[in-house]
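Contents: one structure, followed by commentary.
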Amino acid sequence: MNKILKEKAMEALSSVLPITLIVLLLSITIAPLPVGTLVLYLTGAVLLIIGMAFFSLGTDVAMTPMGEGIGAQLPHTKRLSVLIVVTLLIGILITIAEPDLQVLAEQVPSIPNAVLIWTVAGGVGLFFVLAMLRTLFRIPLSALLIVFYIGVFVLSAFVPNEFVAVAFDSGGVTTGPITVPFIMALGIGLASIRGDRGAQDDSFGLVALCSIGPVLAVLLLGIFYKGGGTGYTSVTLHDVQDTREVAALFAQSLPEYVSEVISALVPIMLFCAVFQLVSRRFHRMQLKKIGVGFGYTFIGLALFLTGVNVGFMPAGHYLGQQLAQSGHSWLLVPLGMVIGYFLVTAEPAVHVLNRQVETITNGAVSQRAMMTSLSIGVACSVGLAMLRVLTGISVYWMLIPGYLAALVLTFFVPKLFTGIAFDSGGVASGPMTSTFLLPFAMGACEAMGGNVLTDAFGIVAMVAMTPLLTIQILGLLYQRKKRLDDAAEQMGTPDEDEVIVLEEEDVHA
Numbered sequence: 009m010n011k012i013l014k015e016k017a018m019e020a021l022s023s024v025l026p027i028t029l030i031v032l033l034l035s036i037t038i039a040p041l042p043v044g045t046l047v048l049y050l051t052g053a054v055l056l057i058i059g060m061a062f063f064s065l066g067t068d069v070a071m072t073p074m075g076e077g078i079g080a081q082l083p084h085t086k087r088l089s090v091l092i093v094v095t096l097l098i099g100i101l102i103t104i105a106e107p108d109l110q111v112l113a114e115q116v117p118s119i120p121n122a123v124l125i126w127t128v129a130g131g132v133g134l135f136f137v138l139a140m141l142r143t144l145f146r147i148p149l150s151a152l153l154i155v156f157y158i159g160v161f162v163l164s165a166f167v168p169n170e171f172v173a174v175a176f177d178s179g180g181v182t183t184g185p186i187t188v189p190f191i192m193a194l195g196i197g198l199a200s201i202r203g204d205r206g207a208q209d210d211s212f213g214l215v216a217l218c219s220i221g222p223v224l225a226v227l228l229l230g231i232f233y234k235g236g237g238t239g240y241t242s243v244t245l246h247d248v249q250d251t252r253e254v255a256a257l258f259a260q261s262l263p264e265y266v267s268e269v270i271s272a273l274v275p276i277m278l279f280c281a282v283f284q285l286v287s288r289r290f291h292r293m294q295l296k297k298i299g300v301g302f303g304y305t306f307i308g309l310a311l312f313l314t315g316v317n318v319g320f321m322p323a324g325h326y327l328g329q330q331l332a333q334s335g336h337s338w339l340l341v342p343l344g345m346v347i348g349y350f351l352v353t354a355e356p357a358v359h360v361l362n363r364q365v366e367t368i369t370n371g372a373v374s375q376r377a378m379m380t381s382l383s384i385g386v387a388c389s390v391g392l393a394m395l396r397v398l399t400g401i402s403v404y405w406m407l408i409p410g411y412l413a414a415l416v417l418t419f420f421v422p423k424l425f426t427g428i429a430f431d432s433g434g435v436a437s438g439p440m441t442s443t444f445l446l447p448f449a450m451g452a453c454e455a456m457g458g459n460v461l462t463d464a465f466g467i468v469a470m471v472a473m474t475p476l477l478t479i480q481i482l483g484l485l486y487q488r489k490k491r492l493d494d495a496a497e498q499m500g501t502p503d504e505d506e507v508i509v510l511e512e513e514d515v516h517a
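With the sequence shown counted from 1, adding 8 to any position gets you my numbering.
This is the structure we're talking about:
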């Protein structure tokens, strides 16, 4: 186990190091950071590396096998109504447990946190049921995506502009480090019992549909909820003078995120315990291993959230502010793209997705190819988001063409890649986006005197959109390569006798 943990730590180091070096370079050139903020950032980076290593190990040991087990067992329930209720409950529980949702809720104080969280959880729960039924009854994913995204954009025309960006952002933050491993594993478990040729294609797509539910739910909330006017909470820079104060700040904040993680994992663990009592699926040694895995997940997520919230959020806000005030505000676009390219590699759920894709495709789609495609997509999305901050362009001008292109591609891309692409959109917009990129955009927007709710919010939605295009383009390249390989095989290869004769002739020559 120690060897595996060491490998996970090296993976985390290679993911976090690039973005750490970029921030350091910016801090000594065009956007100098206060020494206290920089020390907080570096300490946060160390916690990120340790937290990602433990979280990744815990996911492999506990979340994935438990999710696959539940997914394989659920369809054996004889009554469809019971299956629907259980799936709805799972969707609601894992959404309430998602730390990213707490971060977003804090940014919209005019709506009580509980109202926003339960609205989003209800949306995820309902669409999780839909995703489960789609897998069981073999409903085409592309058809559902087209219908519901058309509904999203039609409904958004009747919602105040301030709610639109928050609605689309909520679809991104709900599919984070708690939700993704469990939902993806459950989807693979559901598909595994079918055994038909299309089961592999339908093993992805649950995250994609679960990302639509919150958008529709928050849009409906925007129509019917009468709050006290929209607003946001600006990021506070901590004035720390020495390393002792830095340590004290992290020590004071850690219990808060430990409490968050406990409240997130306990409902899931209780549900898994009830599932085990009813199904008796796992034997004693497996349960012991899963229990240890949940412990690793707890440690990793607590350290990760403490690092990003205390260390990364203030640095992101301050960097955006300084770049906007530097006299070269146009640098926000290229620098934002560079930051986005490397930042996505530090998202813990991204590594879970990439491993699942490589496993399901038997290595045909490698983790490296997935990561490169995701990084390009996120770089483009952050560049476009910074362009919005500079110009005030409505998010509609970005989202409508982007989603339209993504939906058109579903007719030309292998079904497996459609599911992977729409899943990856939700996965890419995780805690690093909500705690670094969103404050980065907010800081830049504040410095330029823009409307934060309409110009800065929406960056999570942008990050969730562009991977839909890049991953499907990867699917087109994969399809083309496969056709070329098949054509080469059909042309035939010389048999063994011919090869021997040719080799003998070469020797005589």
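For glycine and all other residues, C-beta sits at the position ideal for the given N, C-alpha and C.
Our two residues, Pro422 and Leu97, have alpha carbons roughly 32 Å apart in a direct line.
In this structure Met192 touches Val215 by the C-beta definition: roughly 6 Å separates them, less than 8 Å. DSSP places Gly466 in the coil class of the three-state scheme, outside both helix and strand.
With respect to the 8 Å criterion, Gly59 and Phe258 are not classified as neighbours on the basis of their beta carbons.
Ranked by Cα distance from Val282, the first of Leu65, Ile78, Met18, Gln487 is Ile78. Residues Lys297, Ile298, Val300, Gly301, Tyr304 of the same chain have their beta carbon placed closer than 8 Å to that of Val69, with the five preceding and five following residues left out of the count. Under the three-state reduction of DSSP, Pro83 is assigned to helix. Residue environment analysis places Met378 among the buried positions, since at least 16 neighbouring C-beta atoms fall within 10 angstroms of its C-beta.
In the three-state DSSP reduction, Pro168 falls in the coil class, being neither helix nor strand. By the Cβ rule, the stretch 346-354 counts as touching the stretch 14-31, because three or more pairs are nearer than 8 Å.
Shortest Cα-Cα distance from Ala310 to any of Ala53, Thr28, Pro263, Trp338 involves Pro263. Separation of the CB atoms of Phe171 and Val226 is rounded to 7 Å, and the pair is thereby assigned contact status at 8 Å.
One thing to note: Val316 has its Cβ no nearer than 8 Å to the Cβ of Leu48. A distance of 8 Å or more separates the beta carbons of Tyr265 and Thr45. Between Ser287 and Gln81, the CB-CB gap stays under 8 Å. When the beta-carbon positions are compared, Val174 and Phe444 stay at least 8 Å from each other. In the structure shown, Leu217 adopts helical secondary structure according to DSSP, grouped into three states.
Secondary structure of Leu245 (DSSP, three-state): coil.
Taking all protein chains in view, the Cβ of Leu229 is crowded by 16 or more other Cβ atoms within 10 Å, so the residue is classified as buried.
In the three-state reduction of the DSSP assignment, Ala105 falls in the coil class, being assigned neither a helical nor a strand state. Leaving aside the five residues that flank Ile428 on each side, the residues in its chain whose CB is nearer than 7 Å to its CB run, in chain order, Phe212, Val365, Ile479. Pro447 is classed as buried because its beta carbon has at least 16 other beta carbons within 10 Å across all chains shown. Within 10 angstroms of the beta-carbon of Pro409 lie fewer than 16 other beta-carbons, which makes it exposed. In terms of Cβ geometry, Ser271 and Thr314 do not form a close pair [threshold 8 Å]. In the displayed model, Gly335 falls within coil according to three-state DSSP, outside both helix and strand. Within the same chain, Cβ atoms closer than 6 Å to the Cβ of Leu482 are found at Ser381, the five residues on either side in sequence being excluded. Annotation: Ile347 to Val93 spans about 42 Å, alpha carbon to alpha carbon. By the Cβ criterion, the stretch 138-154 is in contact with the stretch 186-200, since at least three pairs of Cβ atoms, one from each stretch, lie closer than 8 Å.
The beta carbon of Val128 sits closer than 7 Å to the beta carbons of Thr103, Leu109, Ser178, Thr182, Pro222, Ala225, Val226 from its chain, once the five residues preceding and following it are set aside; these are given in chain order.
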